[in-house]
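> Numbering-wise, this note's numbering comes out as the position in the sequence shown, counting from 1, plus 1.
Mind looking over this structure? Questions follow.
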Amino acid sequence: MARSVFRFLSRQPDPVEIANATHMLRLPRLADYRQWLALRSESRTFLEPWEPTWQSGDMSESAFRARVIRNEQEFASGQAVPLFLFSRADAALLGGITIGYVRRGAAQCCMIGYWMGERYAGKGHMAQGVQLVVPYIFSSLQLHRIEAACIPENQRSIRLLEKAGFQREGYLREYLKINGQWRDHLMFSLLSGDVAPNRNLSI
Numbered sequence: 002m003a004r005s006v007f008r009f010l011s012r013q014p015d016p017v018e019i020a021n022a023t024h025m026l027r028l029p030r031l032a033d034y035r036q037w038l039a040l041r042s043e044s045r046t047f048l049e050p051w052e053p054t055w056q057s058g059d060m061s062e063s064a065f066r067a068r069v070i071r072n073e074q075e076f077a078s079g080q081a082v083p084l085f086l087f088s089r090a091d092a093a094l095l096g097g098i099t100i101g102y103v104r105r106g107a108a109q110c111c112m113i114g115y116w117m118g119e120r121y122a123g124k125g126h127m128a129q130g131v132q133l134v135v136p137y138i139f140s141s142l143q144l145h146r147i148e149a150a151c152i153p154e155n156q157r158s159i160r161l162l163e164k165a166g167f168q169r170e171g172y173l174r175e176y177l178k179i180n181g182q183w184r185d186h187l188m189f190s191l192l193s194g195d196v197a198p199n200r201n202l203s204i
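Next comes the structure, spelled out in structure tokens:
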């Protein structure tokens, strides 16, 4: 009995792989470092206006290793599901979607955030990623509500959320510190009972 309990407590979390014919989402792995480094480095100017300040050392292999370990711990504890988005045709890393701030109890809610490599932006890849992750959240995680916040000037992100069926709920003053400044955000939500009017997206 004691041995079986130990195996249960020490086992690795079940792998997550969410895919359709063209795209695949899964947890980050240590072997992804070189692809991640190349994509993030070449996209830095494109991403910085929408992200927290990039710290020195963030792009190192040791920092990436620590991030992967933290991701696995957050997933195992049910706090978050950090995912990388890949093209199935050539296994290219395109970007990432994080299911975070998972709240159980009376809330049954989470937030999603996402990033896309500059060379892949505007080609519908993130729309595919959102289409994959929404059913996973509602069916596999059995949550009731998905929240997403974006800077009002990020029109591409707003169009993506609206076409995915998210509803605009409010305006959050100085909600997150982005690129060194406290920035206002728009709050969007999607409920498990909502019907998305258009899932054929090309944002």
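Each residue gets a CB set at the ideal place from its N, CA and C atoms; glycine is no exception.
1. Which complete beta strand (DSSP E) runs does the region 13-86 hold, if anything under 3 residues is left out?
2. Which residues does DSSP pair with Arg104 in a beta bridge?
3. Quick one: using the 10 Å Cβ neighbour count with 16 as the cut-off for buried, is Glu52 buried or exposed?
4. By DSSP, does Glu170 sit in helix, in strand, or in coil?
5. Entirely within the region 129-186 and at least 4 residues each: give me those alpha helix (DSSP H) ranges in chain order.
6. Taking all protein chains shown into account, decide if Ser190 is buried (16 or more other Cβ within 10 angstroms of its Cβ) or exposed.
7. To the nearest angstrom, how far is it from the Cα of Leu173 to the Cα of Gln132?
8. Ser44: which of Met60, Arg184, Val82 sits nearest, CA to CA?
9. For the region 23-36 against the region 65-78, do three or more pairs of beta-carbon atoms, one drawn from each stretch, fall closer than 8 Å, so that the two count as touching?
10. Taking C-beta to C-beta, are Leu192 and Pro153 nearer than 8 Å?
11. Taking the alpha carbon of Tyr115 as the point to measure from, which residue in Ala108, Ile100, Tyr121 has its own alpha carbon closest?
Looking at the atomic coordinates:
1. If we require 3 residues or more, the beta strand (DSSP E) runs fully inside the region 13-86 come out as 18-20, 24-27.
2. The bridge partners DSSP lists for Arg104 are Cys110.
3. Glu52 comes out exposed.
4. Strand.
5. You should have 156-164.
6. Per the 10 Å Cβ criterion, buried.
7. Just so you know, the alpha carbons of Leu173 and Gln132 end up roughly 26 Å apart.
8. Comparing Cα-Cα distances from Ser44 to each of Met60, Arg184, Val82, the minimum goes to Met60.
9. Yes: the two stretches touch, three or more of their Cβ pairs being nearer than 8 Å.
10. It is not a contact, given that the beta carbons lie outside the stated cut-off.
11. The candidate whose alpha carbon is nearest that of Tyr115 is Ile100.
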